[in-house]
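Residue numbers (the working numbering): 12 to 111. For reference, the structure discussed in these notes is given below.
Right, here's the structure in full:
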């Protein structure tokens, strides 16, 4: 799957990029018609520990799916986003197969 990654207010290291790509590739097991994914990593300038925001937008036929999570580490955000997207993709696939 093609992934566009943007990091705001910092530079994402290759380890984070590879981790994100690996997690997103697993979504194709649940829905094989994913066109591409846009991933946004942002760091908020707050004093709290949970200052990292991850947004993932997945383009699929018939619309887009968007998830936004805030955590203390980007890896945890990616995990939460992917599990949420996984549930959404399963629902979408069930709806599509019900119409066939």
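A virtual CB, placed ideally from N, CA and C, is assigned to each residue, including glycine.
- Residue 81 is bridged by DSSP to 64.
- Separation of residue 77 and residue 46 (C-alpha to C-alpha, rounded to the nearest whole angstrom) is 14 Å.
- Residue 48 sits buried, since 16 or more C-beta atoms from the chains shown fall within 10 Å of its C-beta.
- Residue 50 places its beta carbon 8 Å or farther from that of residue 63.
- By the neighbour-count definition (other C-beta atoms within 10 Å, threshold 16), residue 52 is a buried residue.
- In the three-state reduction of the DSSP assignment, residue 36 falls in the helix class.
- The criterion of a C-beta distance shorter than 8 Å is not satisfied by residue 31 and residue 12.
- In the DSSP assignment, the residues bridged to residue 14 are 48.
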